[in-house]
Amino acid sequence: MAGWWAPLHWDFHPSVILGLAGLGGLYVFLGGRGAPSRRILAYFASLVVLLVTLNGPLHDLADESLFSAHMIQHLVLTLVFPPLFLYGLPAWVVRPFLRAPRLLPLWRWMTRPVQAALIFTVPIVFWHIPRFYEFAMRHHGWHIVQHLIFLATAVVMWWPVLSPVPELPRAAYPAQLLYLFLLGIPMSVVGAFITLADQPLYPFYAAAPRLYGLGVLDDQQIGGLIMWVPGGLIFWIAMTVVWFRWSVRKEEDADREVPRDAYEEGVRPA
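Sequential numbering from 91 applies to the sequence shown in my numbering.
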């Protein structure tokens, strides 16, 4: 890495490209093209987000040099990709995966707010414990597993707010607000712990090449702040959107569950 520009190049990873091609092809095969254009745009924007996050300069910086770049990568994977992905799914694309009668009760259990929050929060905290974070950084296969876990659990986490199917219902609007508020707390605590640490927590980055004049602790503190402040801010933005969606409903319906018209129509276009 000779020079500040050295990491700024693109390497495409075949596994990522194949995965994105599979997600895009499945969406088209199941009739996603019949969704409103805004949802199609959101879905394919989510795939572009994955492409940019798991390939190229950000990926290289995160994997080789900067803890702060890795925190940006994690936030994008968990707080940017899933909302776009779920918003882009029409009901008829999801329903084929709900037909197994023995699995449907499990999906319903997993996507309730309390369970969804725990399914997301526990891995986030676990993988940022220095011993386990270090293990993932030094074993590439486990690093891939870490990212897959973040992606899957983040989709589950966003489900009570953005579910595309009434069969796995969204939470009521007041519950969504409380849910999003509470979700931000564990990430803020972990981010604060990293930011306020007075010594390097992750030996992998302590031994990595230094870039952009950032010392080990500077990089670590920036990474913690990224998790602490922007991570929390995204939840507050989501809460604001939920608040306005709730406020435009008629007053007499305000205490009912999320209405059916909050979802895309469940019939696949001919």
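Note that the Cβ used here is the ideal one computed from N, Cα and C, for glycine as well.
When the beta-carbon positions are compared, Met227 and Val280 stay at least 8 Å from each other. With fewer than 16 other Cβ atoms from the protein chains shown falling within 10 Å of its own Cβ, Arg189 counts as exposed.
In the structure shown, Pro254 adopts coil according to DSSP, grouped into three states. For Leu165 and Arg192, the gap between their C-alpha atoms comes out near 33 Å.
Excluding five sequence positions before and after Gly124, the CB atoms of its chain that fall closer than 8 Å to its own CB belong to Pro180, Trp182, Arg358 and Pro359, given in chain order. Contact annotation, Val245 with Pro172: C-beta distance approximately 5 Å; criterion of less than 8 Å satisfied.
Secondary structure note for Ile324: its alpha helix (DSSP H) is the uninterrupted segment Val306 to Ser337. Taking C-beta separations shorter than 6 Å and ignoring five residues to either side along the sequence, the partners of Ala135 in its chain run Leu174, following chain order. For the pair of segments examined, the segment 214-231 was found to touch the segment 283-299: the number of CB pairs separated by less than 8 Å reaches three. Residue range Gly146 to Glu154 is occupied by the alpha helix (DSSP H) that includes His149.
Annotation: Gln289 is outside any alpha helix (DSSP H) and is labelled neither H nor E by DSSP.
Counting C-beta pairs with one atom in each stretch, the segment 102-117 and the segment 137-152 have three or more that are closer than 8 Å, which means they touch. About 40 Å separates the Cβ atoms of Val332 and Gln289, ruling out a contact at the 8 Å cut-off.
Of all C-beta pairs linking the segment 320-340 to the segment 302-310, fewer than three are shorter than 8 Å, placing the two stretches out of contact. For Thr211, the uninterrupted alpha helix (DSSP H) run begins and ends at Pro203 to Trp217, by DSSP. By the C-beta density criterion, Thr243 is buried, having at least 16 other C-beta atoms within 10 angstroms. Here DSSP, grouped into helix, strand and coil, assigns Ala181 to helix. Taking Ala296 as the centre and dropping the five residues before and after it, the same chain places the C-beta of Pro290 and Val306 closer than 6 Å to its C-beta, in chain order.
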